[in-house]
Structures are given as C-alpha cells and as structure tokens.
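*Asks:*
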Amino acid sequence: MGEKVLMKGNEAIAEAAIAAGCRHFFGYPITPQTEVAAYMSKRMPKIGGVYLQGESEVASINMVLGAGAAGVRVMTSTSSPGISLMAEGISYIAGSDVPCLIVNVQRGGPGLGGIQPSQADYYQATKASGHGDFQMLVFAPSTVQEMVDLVAGAFELGDKYRMPAMILSDGMLGQMMEPVELPEKRENPEDNKPWAASGHQNKRGHNVINSLYIDPHELERLVVERYKKYDAIKETEQRAEEYLADDAEIIIVAFGASSRVSRSAVDMARKQGIKAGLVRPITLWPFPEKFLAKHAGHAKVFLSVEMSMGQMVDDVKLAINCSRPVEFFGRTGGVIPTPKEVLEQIVRLNGGGYRCR
Amino acid sequence: MTGDLNILLAGFGGQGILFTGKVIAYAGLMGGREVSWLPSYGPEMRGGTANCSVCLSDKTIGSPLVTMPDVLVAMNLPSLEKFEGDVVPGGLIIVDSSIISKKVSRSDVRAVYVDASNIAESNGLKGAANMIILGRMFRETGFCSAEILDKGLQKSIPPKKIELLGNNRKAIQLGIDS
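Read top to bottom, the protein sequences are chains A and B.
Quick note on this note's numbering: the first sequence kicks off at 1 and runs consecutively.
Quick note on this note's numbering: the second sequence kicks off at 1001 and runs consecutively.
Following this line, the structure appears as structure tokens:
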C-alpha cells in the first residue's frame, strides 16, 4: 500500500484492474465512461497487455468472451446503451461459464437518453442482462476507494464461481476524484483455471467452451446446476454497509451515488432527533436480503432512494417479506437528488405520512 | 482549520476551474482530511460553463455534489447568477470583478471582489486569474496552512508541466496580497 493519490473513479477502476492482473481490455468509447478506456489505452501497451477498441460494443463483448475462454483476466467497460448492445454476448458468457469483468458507468435512459449520472440500469444488471436463465455478480461501489477494492473482489469471485461480474457505477462516481490507496500488484491470476481453452499440449483432452446445447435435457441439467451455484452465492456473498441502522425507525435503502446523498440526509435527520439510518447494498446481486430482514423488527418504514423510477423497491419488499411499508423517492434522467430532498421525505415519514401500507 | 467546507467553483471552460478545485482537494488530502472533487461534464462544459464541487471534511463525505456551498467562487456572470442563491447564509462569495461588474445582491453573505483577471494580465500571468482567486480564498477562509496549500499545488501539476509551478505560486501570492 502506497501513498494516497487523487484519482477519478473511471481511472481508478482501470488502475485497480491492472493491479489485479488484468492484461486484456476490449471496449468502445461512450460518455461518461471513456476515461476507463483512455487510461487502458495508455497503460496496457507499456505493461505488455492488450488494449483493443472494437468496432462496436457487440464486437468488444465477444472479444471478452474469447479472452475469458482462454483463461485470462479480461474486462470491458461501457455506459448504459453499450450494455444493451452487449446483452447477447453477456448471455453467451454466462452460458459458457466464463468469468470476466463488465463495468457499467450508468447514464440516463432509455434510448440514447442523456450523459448525466443515473441508476436506471438496476433491473438490467440484476434481472435481465441478456436472454435466458442466468445471473451476474453485481457490485455497487459508492466511493472511488471502494471501486478499487471491488474491482479486485469482482475478478476474484468471478473466477471462483466462473461467471461474469459487473461493477455498476454511474457518471458521478466515474467522473469524481477522491483519495485512493492502490493495492499491491498481483501477478499470474491465470493460474489454476484447468477448464480454460488455453492449449492442451497433448497432455490432456480438449476443453470446450460453449453455450449451445441442442438436447433440452442436457441444457436443463446445466442450467439447474448453475442455479445451485447461484443459491450458494446468495447464501455466502451478500454484502451491505449499515449506517446508524441499529436503532433506526426509518431505514433508507440506497446504493452508489444515491447512498451518499442519503447518508448526508441521515446525518441531517439525526441532528433533528429523527431516528433515521441507512442500509447500503454493496452487492446488488446477490441482493443483501439478510441485512434488510434483520432491521424489519425495529424499523417502522423503509425508504428506497434511487436515481431511477424505483427499480429496487420490489427487492426491498421481498427482502423484508412486505412486513413494513416500503416507500420510494427518486430522481431520474440524470438528475442527482439532493440531501435536502431526501431529508424532506424522512421528515414526512417521521410524521407517519406513508403513501403505501 | 477544521470542520466541513463545501466549495463550489464556477466559470467559463478554460479558466482553470477544475484545476483550482484539484489544488484545493489535494491541499485537503495533504492536510489529512477527507476530500471529494466532482466536475460538471458534458455539453455544458463544451458550451462554455464549467463548475466543480469540492468537499473538505473531517468525516466521511456524503454527497459530493455541493448544492449549498459555504464558499462560491464565481468567475463569470452566468455562474454568479445561477449559484448566488444557493450559498448558505453567512457564506462567502468570491467574484472575479475584472469579468463580472454586477455586485452580489444578498446581504446575508460575505462578498469579496478580486480584480483577478486584470491583476493576472498586468503581472504577465495571463490565464492565472484562477490562482489569484485561490490565493484570496485561502486568505479569507484559512482552509489550510500556506505550506499545505503549496504541497497541494505541487501535487496538482503533472511532472511534465512542472515549469508552471513558479507562475502559479506567484499568482497565489498576488491573490493573498490582493
């Protein structure tokens, strides 16, 4: 660990990936993500890595599949419309049990939308990143330092479970600078991937990386196996940060950029004597149900604060089994909520003015 | 100085708004504080206005977007008009009076006028009005020590452009003396 430096979130992601041993980057520029690719284009040639700008997002994600199948640490990064273009490839990667890192620095949607920060790809990231039965590991950093830490963790867990992992960032976290401490460099993460199609040198049989299964029973068996793995992940990999939640009567649930705004609002509410707290999901899939369920006893109401039209609300309701009202406050289209706006909602709820029961 | 300080810097693209924010953020970091730096990005920057939120705190920073600044630095008229109303009562507004002839209309904030662009020009430091403003902000708020401010400046200038250090130092001093 060295001295702290100021880095943009996007640059920190790139440097953290390099430190984690990633030497293969394929991508296509799009605001507000472009600094990730720009940083990689400068650094990769100097360290013997590959930086390649594909002719499109579709090409880039398929290059990720190829490199991942060969067992190397590989990543891509894009912003919201780019993920839609990559959807097919992400499904193929999941169906081929290939680990990789996908970064989404979200912007407002739908369509071309805008370029300002958003969290409106929550459903896409956690429920439907492509066709078919599959999941991705989804991590939601809220600081630049956490981006760095989660990049390494996402690569590790992706390798461990042989599945794609996503860092779900947004334009605010990507563009802002904060102090970071970069981790020690890690070499040779490619070791110990006996499944990889990396050359058998006549010492073993062929490894086949594939997502095509014509026999429905064989495909069903594989998908069911994969879901057993997902169940194990749900059991062991949920992560969340709790802030002043233990005695809270009003619990805000927020991740990423909106969790920082919410944290400020919680501090303001506490100064007014209102028992507000925050549960901040760090993993969005698996959703940290356990961290929410344990507060359902003492909380009177939950408030999901998002930069979308309320895509996380249902997951909060399910996590607490609808045992308490779950309210929503959000801004969308690239607008960042202010702490004052969130405080107004807390004050309203403190007065018992629930919209839902 | 300790405690939270939320700073909003705003002006035209090319005036060094983002760089000024970076120097403040690095000074905060060198002083052992929590810091965040958030720029505006996209077409509003290309269209002419740039702004930058900087938070300095002794605690974990929540929202890095400064919506209620303790200090507003306005380096063009649209920025002053847009953000003047957001400054907290008792806050500070620093205006580059070479560029903005309008006065701050509020009476519950402290307004400081610095003839920054003209001072820069007459001292052969064209383009360094931002550092003159920074020097003055340092004097008005004492947000760090002079030594730490200089460290922040050194950290903010890339090694390839280190020859710019002297002029930036000079401009900061002119701001302190303004």
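Cβ coordinates follow ideal geometry from the N, Cα and C atoms, glycine included.
1. From K1126 of chain B to S1040 of chain B, what distance separates their C-alpha atoms?
2. I1133 of chain B: which of B:G1166, B:T1020 and B:G1003 sits nearest, CA to CA?
3. DSSP three-state call for M177 of chain A: helix, strand or coil?
4. As a quick exercise: from A:E242, A:D97, A:Y51 and A:W285, pick the residue whose alpha carbon is nearest that of L278 of chain A.
5. CA-CA distance, S1117 of chain B and M1030 of chain B?
6. Could you tell me whether the Cβ of L1153 of chain B comes closer than 8 Å to any Cβ of chain A?
7. Is the Cβ of D246 of chain A closer than 8 Å to any Cβ of chain B?
8. Helix, strand or coil for F1143 of chain B per DSSP?
9. Below 8 Å, can you find three or more Cβ-Cβ pairs linking the stretch 253-273 of chain A to the stretch 196-207 of chain A?
10. Identify the contact partners of R260 of chain A in chain B, using a Cβ-Cβ distance below 8 Å as the criterion.
11. Can you confirm whether G1166 of chain B, when its beta carbon is compared against all beta carbons of chain A, has any partner nearer than 8 Å?
12. Closer than 9 Å by beta-carbon distance: list the chain B residues that pair up with L6 of chain A, in chain order.
13. Which word fits L150 of chain A, buried or exposed, when buried means at least 16 other C-beta atoms lie within 10 angstroms of its C-beta?
14. Apart from the five residues on each side of it in sequence, which residues of its chain come closer than 6 Å, Cβ to Cβ, to M1001 of chain B?
15. Straight-line CA distance for C1055 of chain B to L1092 of chain B?
16. Please tell me whether T1067 of chain B has its Cβ less than 8 Å away from any Cβ of chain A.
17. Does R186 of chain A get closer than 8 Å to chain B when you measure Cβ to Cβ?
18. Determine the direct distance from the alpha carbon of A245 of chain A to that of E55 of chain A, and round the result to whole angstroms.
19. To which residues of the same chain is T283 of chain A closer than 8 Å at the C-beta, ignoring the five residues directly before and after it?
20. Could you have a look at Q1154 of chain B and say whether DSSP puts it in helix, strand or coil?
21. If you measure from the beta carbon of I282 of chain A to each beta carbon in chain B, is any gap under 8 Å?
22. Helix or strand or just coil, what does DSSP make of I1024 of chain B?
23. Assess contact between the stretch 1010-1019 of chain B and the stretch 294-304 of chain A, defined as three or more Cβ pairs (one per stretch) separated by less than 8 Å. Is contact present?
24. Taking 8 Å as the threshold (beta carbon to beta carbon), is D170 of chain A in contact with chain B?
25. From A:A165, A:I13 and A:V5, pick the residue whose C-alpha is nearest to that of G1032 of chain B; which is it?
26. Give a yes or no on whether the minimum CB-CB distance between G1048 of chain B and chain A is below 8 Å.
27. On a Cα-Cα basis, can you pick out the residue from A:I90, A:H200 and A:V50 that is closest to V396 of chain A?
28. Taking the continuous beta strand (DSSP E) assigned at H217 of chain A, which residues delimit it?
29. DSSP on A1111 of chain B, reduced to helix/strand/coil?
30. Leaving aside the five residues before and after M166 of chain A along the sequence, list all residues of the same chain whose C-beta is less than 8 Å from its C-beta, in chain order.
31. One question on the structure: do K300 of chain A and E249 of chain A come within less than 8 Å of each other, judged by their Cβ atoms?
32. So, is the C-beta of Y1113 of chain B closer than 8 Å to a C-beta in chain A?
*Replies:* Walking through what the data contain:
1. Within the second sequence, the letter at position 126 stands for residue 1126 of chain B. Within the second sequence, the letter at position 40 stands for residue 1040 of chain B. Straight-line Cα distance between these residues: approximately 24 Å.
2. The count along the second sequence starts at 1 and reaches residue 1133 of chain B at position 133. Checked all of B:G1166, B:T1020 and B:G1003; the closest Cα to I1133 of chain B is B:T1020.
3. In the first sequence, residue 177 of chain A corresponds to position 177, counting from 1. DSSP places M177 of chain A in strand when its eight states are reduced to three.
4. Here residue 278 of chain A refers to the residue found at position 278 when the first sequence is read from its first residue. L278 of chain A has its Cα closest to that of A:E242, out of A:E242, A:D97, A:Y51 and A:W285.
5. Within the second sequence, residue 1117 of chain B is the residue found at index 117, counting from 1. Within the second sequence, residue 1030 of chain B is the residue found at index 30, counting from 1. Spanning the two alpha carbons is a distance of roughly 28 Å.
6. What you label residue 1153 of chain B is simply residue 153 of the second sequence in a count that begins at 1. Cβ-Cβ to chain A under 8 Å: no for L1153 of chain B.
7. Position 246 of the first sequence, counted from the first residue, corresponds to residue 246 of chain A. By this cut-off, D246 of chain A is not an interface position.
8. Taking the first residue of the second sequence as 1, we reach residue 1143 of chain B at position 143. F1143 of chain B falls in the coil class under three-state DSSP.
9. no
10. Along the first sequence, one-based indexing puts residue 260 of chain A at 260. Neighbours of R260 of chain A on chain B, chain order: I1061, G1062, S1063 and P1064.
11. If you number the second sequence from 1, residue 1166 of chain B lands on position 166. Closer than 8 Å: no.
12. In the first sequence, the residue the question calls residue 6 of chain A occupies position 6. Those are K1022, A1025, Y1026, L1029, V1035, W1037, K1155 and S1156, listed as they occur along chain B.
13. Residue 150 of chain A sits at position 150 when you count from the first residue of the first sequence. With 16 or more Cβ atoms within 10 Å of its Cβ, L150 of chain A is classed as buried.
14. As a working mapping, residue 1001 of chain B is identified with position 1 in the second sequence. Unreliable placement is indicated for M1001 of chain B, whose pLDDT of 48 sits below 50; the coordinate value is still reported in the next sentence. Correct list, in chain order: G1142 and F1143.
15. Residue numbering aside, residue 1055 of chain B sits at position 55 when the second sequence is read from its first letter. Residue numbering aside, residue 1092 of chain B sits at position 92 when the second sequence is read from its first letter. The alpha-carbon atoms of C1055 of chain B and L1092 of chain B are separated by roughly 15 Å.
16. Along the second sequence, one-based indexing puts residue 1067 of chain B at 67. By this cut-off, T1067 of chain B is an interface position.
17. To locate residue 186 of chain A, count along the first sequence from 1; it is residue 186. By this cut-off, R186 of chain A is not an interface position.
18. Here residue 55 of chain A is taken as the residue at index 55 of the first sequence, counted from 1. Here residue 245 of chain A is taken as the residue at index 245 of the first sequence, counted from 1. Roughly 47 Å separates the two Cα atoms.
19. One-based indexing of the first sequence puts residue 283 of chain A at position 283. Only L137, V138, F139, A140, E237, Q238, R239 and A240 meet the Cβ criterion.
20. Position 154 of the second sequence, counted from the start, is the residue given in the question as residue 1154 of chain B. Helix.
21. Here residue 282 of chain A is taken as the residue at index 282 of the first sequence, counted from 1. By this cut-off, I282 of chain A is not an interface position.
22. To locate residue 1024 of chain B, count along the second sequence from 1; it is residue 24. Residue state, collapsed to three classes: helix.
23. no
24. Here residue 170 of chain A is taken as the residue at index 170 of the first sequence, counted from 1. Judged by the 8 Å Cβ criterion, D170 of chain A is not in contact with chain B.
25. To locate residue 1032 of chain B, count along the second sequence from 1; it is residue 32. The candidate whose alpha carbon is nearest that of G1032 of chain B is A:V5.
26. To locate residue 1048 of chain B, count along the second sequence from 1; it is residue 48. For G1048 of chain B, the answer is no, since every Cβ of chain A falls outside 8 Å of its Cβ.
27. Here chain A comprises residues numbered 1 to 357, so residue 396 of chain A is not present and cannot be evaluated.
28. Translated into positions along the first sequence, residue 217 of chain A becomes position 217. It is not in any beta strand (DSSP E) - H217 of chain A instead sits in the alpha helix (DSSP H) that spans P216 to T236.
29. As a working note, residue 1111 of chain B is residue 111 in the second sequence. Looking at A1111 of chain B - three-state DSSP - the assignment turns out to be strand.
30. Here residue 166 of chain A corresponds to residue number 166 of the first sequence, with the count starting at 1. Once the five neighbours on either side are set aside, the close Cβ partners of M166 of chain A are L101, I102, V103, N104, A125, S129, M136, L137, V138, F139 and A154.
31. For the purposes of this step, residue 300 of chain A is taken as the residue at position 300 of the first sequence. For the purposes of this step, residue 249 of chain A is taken as the residue at position 249 of the first sequence. In this structure, E249 of chain A lies closer than 8 Å to K300 of chain A by Cβ.
32. Stepping through the second sequence from its first residue, residue 1113 of chain B is reached at position 113. Chain A, which has no Cβ nearer than 8 Å to the Cβ of Y1113 of chain B, makes this no.
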